[in-house]
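J.: I'd like to ask some things about the structure below.
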Amino acid sequence: MTLQKHIWVITFMCYCQHIAGGLNNVPVVMTVHSLADTIRELVNEAANEVNMQRNMIMMENRMKMSPQTMRQETHQSTPSNMMYTFLRRSEDMMIEGAFGKAAEIAITATSKIEKRLKRPATSTDIVPLFHKFIEPYCPKRHIVCNPLEKYRTADGTCNNLHNPVWGTAITPQPRFLPPNYGDSQNLGHIPRILSVTGDPLPSPRLISNNVHGSGVNHPRSQKYTVALTHFGQFIDHDVISTPILIDEGLDQMVCCNGDQPVNRPECFPFFTPPGEFKHTCMEFVRSEAAPTTGCGPGPRHQMNQRTSYLDLSQVYGNNIKAMRELRTLHGGEMQEGAGGLLPDGPPDLDCVEGQVCFRAGDHRHSDAPTLNVIHVLFLREHNRIARGLQKINPHWGDEKIYQETKKILDGMYQHIIYNEYLPAILGEEIVTKFGIRSTARGYNNVYDPKVDGSTRNVFAAAVFRIGHTQIETFVGFMTPDYAHGAQTPVVEEFFNTRLIRGHNSMYGVDGIARWMCTHFQGAPDSFITHAVRDRLFETEPGNGFDLPALNMQRARDHGIPSYNKWREFCGLKPALHFGVAPMGLIDHDPRSAKALQLSYSHPNDIDIFPGALSEVPMPGSLLGPTFQCLFSLQFLNYKVGDRFYYENDFKHTGFTPGQLNTIKQQRLSSLFMRNMQMSRMQLNAFVSPLSG
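In this text, residue positions in the sequence shown follow the numbering used here: the first is 92, and each later residue adds one.
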């Protein structure tokens with residue numbers, strides 16, 4: 092541990108110390124009236140502090156503003172700008188800001204109450220008073236549910252009629268396990284920063300070098316295609332989007348001043364060894380907080396901007412305004428751009444400088460050309476189905492056709508997930524054993540209103556980032572007769588729309604689609620290509636990001652418990668030493684175990700992402716046992732916690748037997764053959780025809 096890294100951690104801890112005091116074991120006894128007065132006083136005090144801090148920052152930023160720092164109509168493409176584009180607030184800025192502010196007030200008030208009363212703010216006599224006095228600062232959700240409504244709401248509300256906010260957009264990410272933050276009250280004022288030994292945790296970059304470094308040649312799968320990687324990314328953008336904090340008055344926050352970290356509670360940058368990047372400080376902004384229902388007391392939770400349900404919100408949007416802006420409002424169809432691509436969007440908003448951007452239900456549609464292909468695929472399929480329904484039902488209006496088309500396409504999407512995608516990721520044994528795969532025909536009523544289908548924090552911050560090990564170093568093309576064409580480095584194509592817009596028969600969306608369904612993806616291991624481990628969003632040598640290091644830092648920011656805690660949660664044995672012998676890292680090979688030993692002081696420090704990703708995959712699966720457990724559980728929750736899940740036999744929301752059985756005949760390859768220029772294709776789009 093270098094002196095500089097010690098100084099970083101100590102500085103960060105000292106900066107937050109004034110809001111991170113602990114409790115002693117002697118509770119303060121009060122009368123009912125004095126307790127109410129105290130709670131009122133401390134909640135109001137917390138609100139004043141948060142408002143004062145935000146106003147002060149805004150005033151400072153306005154004084155610092157110059158033509159160079161103010162937001163411009165055209166922006167310069169920099170790694171920080173692209174990171175901001177990926178992690179920005181994508182919904183109503185004012186609404187998200189109001190919820191984030193309410194969360195800060197609730198956390199600050201919780202801290203003050205626990206310090207003053209020396210007992211948990213979640214005590215039964217405190218909670219109702221807390222809700223009462225924080226109510227003026229808590230944004231209201233006015234939800235009225237119609238149990239006879241046939242279709243999903245745009246924002247996911249009323250899916251669960253007993254708990255109508257479960258799984259909705261702009262809500263906190265619930266947890267499987269309580270958080271493990273760095274402050275003594277465990278409220279999230281400070282991220283997880285210390286080893287169980289009391290020393291600072293190692294830099295994520297150091298761990299990335301040891302565990303995820305693969306050299307120049309990244310191993311490839313010998314079975315699965317690039318389509319599997321980016322269909323997974325497509326699902327991810329349906330169920331999770333965690334916005335970062337913004338700088339009051341400036342939008343984008345700066346957390347590194349050259350090699351030096353900026354001391355402010357919104358920042359959590361980390362050290363990188365000299366010579367590896369342009370600077371030894373890697374930018375990192377903490378995630379936006381979200382209040383619980385009613386803004387109750389408790390620790391920091393992170394916001395999910397998306398609906399948690401598998402509802403194709405990344406295609407359609409997750410609010411009524413966004414949905415309407417993507418529609419033609421004629422014949423149930425959605426807007427298409429030239430050549431059947433996504434419609435054009437505002438210049439420079441979600442793509443690199445000088446490019447004409449697209450529009451979709453999620454703002455990350457052009458993160459990679461291969462992801463954009465999947466967006467185009469589902470857009471075209473929507474309009475194909477809508478045109479068919481127009482012919483069959485000429486008496487139907489635009490809204491009826493749109494909603495029925497959306498319902499059908501969502502059913503097909505869910506069927507592909509549970510019968511093609513998950514068997515590839517989890518393995519046949521797991522999807523059969525736990526009832527993850529759909530039935531071959533007919534209904535399967537699995538809905539349980541007691542199950543919250545929301546995306547869990549650990550899934551968003553770590554588990555569903557498994558696709559990062561599968562990323563290819565380049566984007567390729569294939570001609571209509573499936574000859575390999577040109578290829579381009581993936582580092583040149585982040586948020587770049589030029590390859591998708593190519594109109595040459597070998598290039599463009601069709602050429603990429605043919606390549607995606609043929610070419611092998613990265614191998615299922617801990618190695619991650621240097622294209623995203625050293626050069627993520629790079630615009631000049633040395634100014635990129637390290638993706639796996641960012642993953643680890645994000646989990647620490649969210650207070651995600653360590654690898655061993657998740658082993659125990661899944662009924663697996665925790666590691667007591669770094670060897671692969673019994674009581675140790677028994678699900679790792681010697682190389683991975685050694686890499687973890689080089690990185691950490693104690694097995695209980697291991698971060699969930701490198702710890703679980705470096706496990707040896709289970710037979711027939713791409714995942715080791717820990718991620719396999721958490722991945723299975725999350726997708727079971729998506730299925731069982733969704734009233735609109737396509738196999739449910741519900742009178743008002745379900746399909747007819749004939750409709751359902753037709754949906755169950757669909758495969759992802761069916762969509763590719765119908766909507767892309769593909770003369771032939773294997774039955775399973777995720778299994779390469781080159782695999783033998």
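The beta carbon of each residue, even a glycine, is placed where N, CA and C say it ideally should be. For clarity, every value in this text was computed on a predicted model and none was experimentally measured.
In chain order, which alpha helix (DSSP H) runs of at least 4 residues are fully inside the region 543 to 625?
T.: Here the runs fully enclosed are 548 to 552, 599 to 607, 621 to 624.
J.: Ignore the nearest five residues each way along the sequence and tell me which others in A136's own chain have a CB closer than 7 Å to its CB.
T.: What you label residue 136 is simply residue 45 of the sequence shown in a count that begins at 1. Here residue 136 is Glu; the residue named in the question, Ala, does not match the sequence. So the qualifying residues of the chain are K203.
J.: On the premise that M503 lies in contact with I754, defined as a C-beta separation below 8 Å, what is that separation, rounded to the nearest angstrom?
T.: Taking the first residue of the sequence shown as position 1, residue 754 is located at position 663. Taking the first residue of the sequence shown as position 1, residue 503 is located at position 412. Right, the Cβ-Cβ distance comes to about 6 Å (below 8 Å), so this counts as a contact.
J.: Can you give the Cα-Cα distance for V554 and P270, rounded to whole angstroms?
T.: Position 463 of the sequence shown holds residue 554. Position 179 of the sequence shown holds residue 270. Using only the alpha carbons, I get a separation of about 16 Å.
J.: Give me the Cα-Cα distance between P255 and S761, rounded to the nearest whole angstrom.
T.: Residue 255 sits at position 164 when you count from the first residue of the sequence shown. Residue 761 sits at position 670 when you count from the first residue of the sequence shown. Taking the straight line joining both Cα atoms gives about 35 Å.
J.: Quick one: give me the first and last residue of the beta strand (DSSP E) that Y272 is part of.
T.: Here residue 272 is taken as the residue at index 181 of the sequence shown, counted from 1. Premise fails: Y272 is in no beta strand (DSSP E) and is neither H nor E.
J.: Between the region 192 to 206 and the region 378 to 386, are three or more C-beta pairs nearer than 8 Å?
T.: With a cut-off of 8 Å, the region 378 to 386 and the region 192 to 206 count as touching, because enough Cβ pairs lie within range.
J.: Less than 8 Å between the CB atoms is what I'm expecting for Y407 and K497, so what's the real figure, rounded?
T.: Translated into positions along the sequence shown, residue 407 becomes position 316. Translated into positions along the sequence shown, residue 497 becomes position 406. That belief holds up - the Cβ atoms of Y407 and K497 are roughly 6 Å apart, short of 8 Å.
J.: With respect to the beta strand (DSSP E) encompassing R311, which residues constitute its N-terminal and C-terminal limits?
T.: Residue 311 sits at position 220 when you count from the first residue of the sequence shown. Unbroken beta strand (DSSP E) run through R311: 311 to 316.
J.: Shortest alpha-carbon distance to L704 belongs to which of T717, G711, D350, F359?
T.: In the sequence shown, residue 704 corresponds to position 613, counting from 1. Considering only alpha carbons, the answer is T717.
J.: Taking all protein chains shown into account, do 16 or more other C-beta atoms lie within 10 angstroms of the C-beta of Q784, making it buried, or fewer, making it exposed?
T.: Within the shown structure, residues of the chain are numbered from 92 to 783, placing residue 784 beyond reach of any answer.
J.: So, is H421 buried or exposed, given that buried needs 16 or more other C-beta atoms within 10 angstroms?
T.: Taking the sequence shown and counting its residues from 1, the one referred to as residue 421 is at position 330. Label assigned to H421: exposed.
J.: Of all the options Y573, F585, G445, V522, which has the alpha carbon lying nearest to the alpha carbon of W606?
T.: Within the sequence shown, residue 606 is the residue found at index 515, counting from 1. Checked all of Y573, F585, G445, V522; the closest Cα to W606 is Y573.
J.: Put R765 into one of helix, strand or coil per three-state DSSP.
T.: Residue mapping note: residue 765 aligns to position 674 of the sequence shown, counting from 1. Helix, per DSSP.
J.: With contact counted as at least three CB pairs below 8 Å, one residue from each stretch, are the region 574 to 583 and the region 740 to 754 in contact?
T.: Taking 8 Å as the limit for Cβ pairs, the verdict is that the region 740 to 754 does not touch the region 574 to 583.
J.: Suppose contacts are defined by Cβ-Cβ distances below 7 Å. Is T320 in contact with G558 by that definition?
T.: Here residue 320 refers to the residue found at position 229 when the sequence shown is read from its first residue. Here residue 558 refers to the residue found at position 467 when the sequence shown is read from its first residue. Yes.
J.: Sorted by chain position, which residues of the same chain lie with C-beta nearer than 7 Å to Q768's C-beta, five sequence neighbours on each side aside?
T.: Here the question's residue 768 lines up with position 677 in the sequence shown. Around Q768: P571, D601.
J.: Assess contact between the region 204 to 222 and the region 126 to 142, defined as three or more Cβ pairs (one per stretch) separated by less than 8 Å. Is contact present?
T.: Flag = yes, the region 204 to 222 and the region 126 to 142 touch.
J.: Rounding to the nearest angstrom, what Cα-Cα distance links L252 and L239 in this structure?
T.: As a first step, residue 252 must be located in the sequence shown, where it is residue number 161. As a first step, residue 239 must be located in the sequence shown, where it is residue number 148. Taking the straight line from one Cα to the other gives about 11 Å.
J.: Between which two residues does the alpha helix (DSSP H) harbouring E444 extend?
T.: In the sequence shown, counting from the first residue as 1, residue 444 sits at position 353. Note, E444: premise wrong, no alpha helix (DSSP H); not H, not E.
J.: Can you tell me which of the three DSSP states R145 falls into?
T.: Taking the first residue of the sequence shown as 1, we reach residue 145 at position 54. Helix at R145.
J.: For A137, which of helix, strand or coil comes out of DSSP?
T.: Here residue 137 corresponds to residue number 46 of the sequence shown, with the count starting at 1. It is helical.
J.: Hey, G360 and E374: beta-carbon distance below 7 Å or not?
T.: In the sequence shown, residue 360 corresponds to position 269, counting from 1. In the sequence shown, residue 374 corresponds to position 283, counting from 1. Sequence inspection shows Pro at residue 360; the Gly mentioned does not correspond to that position. Yes, these two residues count as a Cβ contact at 7 Å.
J.: Across the region 279 to 297 and the region 635 to 648, are there enough close Cβ pairs to call them in contact, namely three or more that are closer than 8 Å?
T.: Yes: the two stretches touch, three or more of their Cβ pairs being nearer than 8 Å.
J.: Do G431 and R450 come within 7 Å of each other at the CB atom, strictly closer than that value?
T.: As a working mapping, residue 450 is identified with position 359 in the sequence shown. As a working mapping, residue 431 is identified with position 340 in the sequence shown. No, the Cβ-Cβ distance between R450 and G431 is not below 7 Å.
J.: Looking only at DSSP bridge pairs, what is M394 linked to?
T.: Counting from one through the sequence shown, the residue named residue 394 turns up at place 303. DSSP, once it has assigned bridges, lists P263 as partnering M394.
J.: Can you have a look at A686 and say buried or exposed, based on whether 16 or more other CB atoms are within 10 angstroms of its CB?
T.: Walking along the sequence shown from the start, residue 686 turns up at place 595. A686 should be labelled buried.
J.: For V141 versus F224, is the C-beta distance shorter than 7 Å?
T.: Translated into the one-based positions of the sequence shown, residue 141 becomes position 50. Translated into the one-based positions of the sequence shown, residue 224 becomes position 133. Contact flag unset, no.
J.: In whole angstroms, give me the CA-to-CA distance for Q405 and M674.
T.: Position 314 of the sequence shown, counted from the first residue, corresponds to residue 405. Position 583 of the sequence shown, counted from the first residue, corresponds to residue 674. Cα to Cα, the separation comes out at about 43 Å.
J.: For N766, which residues of its own chain have a beta-carbon under 6 Å away from its beta-carbon, when the five flanking residues on both sides are left out?
T.: Taking the first residue of the sequence shown as position 1, residue 766 is located at position 675. Counting only Cβ-Cβ distances below 6 Å, and skipping sequence neighbours, we find L468, R471, E472.
J.: Buried or exposed for S157, going by 16 or more other Cβ atoms inside 10 Å?
T.: As a first step, residue 157 must be located in the sequence shown, where it is residue number 66. Per-residue confidence for S157 stands at a pLDDT of 49, beneath the threshold of 50, marking its modelled position as unreliable; no derived number is given.
J.: Compute the Euclidean distance between the alpha carbons of C347 and Y691, then round it to the nearest angstrom.
T.: Position 256 of the sequence shown holds residue 347. Position 600 of the sequence shown holds residue 691. About 25 Å.
J.: If you draw a straight line from the alpha carbon of A138 to that of P227, how long is it in whole angstroms?
T.: Within the sequence shown, residue 138 is the residue found at index 47, counting from 1. Within the sequence shown, residue 227 is the residue found at index 136, counting from 1. Each residue's alpha carbon lies about 10 Å from the other.
J.: Unbroken alpha helix (DSSP H) runs of length 4 or more, entirely within the region 712 to 750: which are they?
T.: Whole alpha helix (DSSP H) segments, 4+ residues: 716 to 731.
J.: Quick check on the burial criterion: 16 or more other C-beta atoms within 10 angstroms. Buried or exposed for Q612?
T.: Mapped onto the sequence shown, residue 612 falls at position 521. Burial call: buried.
J.: Curious, which full-length alpha helix (DSSP H) runs of at least 4 residues does the region 396 to 469 contain?
T.: Qualifying alpha helix (DSSP H) stretches, in chain order: 404 to 407, 411 to 416.
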